[in-house]
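Here the structure comes first, spelled out in structure tokens, and everything after it is commentary.
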Amino acid sequence: MKIMKRKRMWAALWMLLAAMGQMGTFAQEISIDMKKDYPEKSVSLQEVAEVKYIPLGTTDDALFNGTIVNLSAEGIAGFNPKQGDIMLFDGNGKVTASFNHLGQGPNEYPQIYHLDVDWHRKEIYVQDNLREKVRIYASDGKYLRTVQTKGTMKKNSLFHFSDTHLVYYMQPASRSFSPYRPVTLMSKKDGTTATLPFTKKENENVKATGGPFGDMKMMAKEVGSLYKMGNEVYVNEVTDDMIYVMESATGLKPVVRRTPSWQEPAGKDFFLVLQGVNARYYFFKRQEALLYFKGNAATETQSTYVAYDRRNKEVSRLSFTNGDYPSLDIPLSKLVQCAGAPNRCFFLLEAFKLKEALEEGKLKGALKGIAEKLDEEDNPVLMVVEFRK
2 MKIMKRKRMW AALWMLLAAM GQMGTFAQEI SIDMKKDYPE KSVSLQEVAE VKYIPLGTTD
62 DALFNGTIVN LSAEGIAGFN PKQGDIMLFD GNGKVTASFN HLGQGPNEYP QIYHLDVDWH
122 RKEIYVQDNL REKVRIYASD GKYLRTVQTK GTMKKNSLFH FSDTHLVYYM QPASRSFSPY
182 RPVTLMSKKD GTTATLPFTK KENENVKATG GPFGDMKMMA KEVGSLYKMG NEVYVNEVTD
242 DMIYVMESAT GLKPVVRRTP SWQEPAGKDF FLVLQGVNAR YYFFKRQEAL LYFKGNAATE
302 TQSTYVAYDR RNKEVSRLSF TNGDYPSLDI PLSKLVQCAG APNRCFFLLE AFKLKEALEE
362 GKLKGALKGI AEKLDEEDNP VLMVVEFRK
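For the sequence shown, the numbering used here begins at 2 and goes up steadily by one.
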């Protein structure tokens, strides 16, 4: 009986995936020219967004020095990659949970590659690439279960997708590349998987040459391919000319086009990498595909960050200023968007830097009032930005 029920469930899922394979035509005129020298532009955040500040609570068990991965009204989730700490805060920054299951045991993770949260189910999903598993914990840190992935997940590519499923991007199975379907839905309950009908046709890596390695090309770092921004999941396969958003009923909807095509020789110099989507802007990085060593470090000399203004339909190399902290420059590379509530970006403000700025008379308004109550060793303050249309 259970087998028949599972067959019916996955038959329904495959019908959904078949519908998702019917990709619609390109509807929005969003195009990014990989060769164009777009103009620089600086905008005050207060002109285009609502800005508020959330001091992350500090306790002896919750010293935060890491990455925020989920930001919503239900809560804030982050982790310290090196130490393996996982921390949860409520929407006002109060610590609600702090735990660490770093280790080699069956209920532990040897390293955190990424994590996401289902606030409704009160579950945390930890990406364990070393064992090709997802470790699932309750929001209080209690171990719940482990599910096995099909293949190795790409780093930072595991996300809560629905009440019943996670989604992740699967890496190539071997060094000898052949086309495959990387976007994978996985049951939160038992790990059963199904892939979306989207094909990755060729491999990609940012490479580096020169310096102590002569003319030998080598991988510098991988480029992301799956992103969750707010409640939406985007497929950004950089050797494809389109960026898609996943839609539960109609499939992968194309939202951004790159020119020239990756298939043209002139298109091979840069990858188009989606950095954020909000009510006012699309944020991108034009990542150069070949870096050059300067000493022992690979440097980027031509990569640029650009923004598409959805209101004015303009593209620029955009940066922001903050009226509460006028001397602080906020480049697109630092204004981060992550999973959780839609249209919420953030910038981490270190407590000791805020205290220094306060003493130098550089802070105004609400931020000044918050800094006056901080200690230098407190957890950071989240500057939360909600863009207006």
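For every residue, glycine included, the Cβ atom is placed at its ideal position computed from N, Cα and C.
- In this structure, L89 sits away from G106, with a CB-CB distance that is not shorter than 7 Å.
- Under DSSP, K123 takes part in no beta bridge, so it has no partner.
- Short of 8 Å from the beta carbon of F353, and not among the five residues preceding or following it, lie these beta carbons of its own chain, in chain order: E377, E378.
- In this structure T200 is not in contact with Y169, their Cβ atoms being roughly 17 Å apart against a cut-off of 8 Å.
- If you draw a 10 Å sphere on the C-beta of Q84, you find fewer than 16 other C-beta atoms in it, and that means exposed.
- In the DSSP assignment, no residue is bridged to A280.
- Taking C-beta separations shorter than 8 Å and ignoring five residues to either side along the sequence, the partners of I33 in its chain run V257, R258, R259, T260, L273, F285, R287, V307, Y309, V316, following chain order.
- For G370, the enclosing alpha helix (DSSP H) has its first and last residue at 366-372.
- For A195, the uninterrupted beta strand (DSSP E) segment begins and ends at 194-196.
- DSSP, reduced to helix, strand and coil, places F160 within a strand of the structure shown.
- For N344, the secondary structure class from DSSP, reduced to helix, strand or coil, is coil.
- Note that the stretch 217-228 does not touch the stretch 137-148; fewer than 3 beta-carbon pairs, one per stretch, sit closer than 8 Å.
- For A209, the beta-bridge partners assigned by DSSP are M219, L292.
- Where E248 is concerned, there is no enclosing alpha helix (DSSP H), although the beta strand (DSSP E) around it starts and stops at 243-248.
- For A74 and Y181, the gap between their C-alpha atoms comes out near 37 Å.
- If only complete runs of 4 or more residues are kept, the stretch 44-83 shows the alpha helix (DSSP H) at 46-49, in order along the chain.
- Between the alpha carbons of S249 and M230 lies a gap of roughly 16 Å.
- Closest in alpha carbon position to Y283, among Q338, D191, H121, L329, is Q338.
- Between V382 and P56, the C-beta gap is smaller than 7 Å, which places the two residues in contact.
- In this structure T60 touches V96 by the C-beta definition: roughly 5 Å separates them, less than 8 Å.
- Distances from the alpha-carbon of A290 to those of K156, V239, L197 put V239 closest.
- Y245 and S320 have their alpha carbons spaced roughly 25 Å apart.
- Shortest Cα-Cα distance from N108 to any of N93, Y126, F65, H121 involves Y126.
- In terms of CA proximity to S179, K202 leads the group Q128, Q172, K202.
- In the DSSP annotation of this structure, A358 is not part of any beta strand (DSSP E); the continuous alpha helix (DSSP H) holding it starts and ends at 352-360.
- Note on N297: under 16 other CB atoms within 10 angstroms of its CB, so exposed under the neighbour-count rule.
- Note: Q338 is bridge-paired with C346 in the DSSP secondary-structure output.
- Annotation for E233: V246 place their beta carbon closer than 6 Å to its own, counting only its chain and skipping 5 residues before and after.
- Around the Cβ of P255, a 10 Å sphere holds 16 or more other Cβ atoms; the residue is buried.
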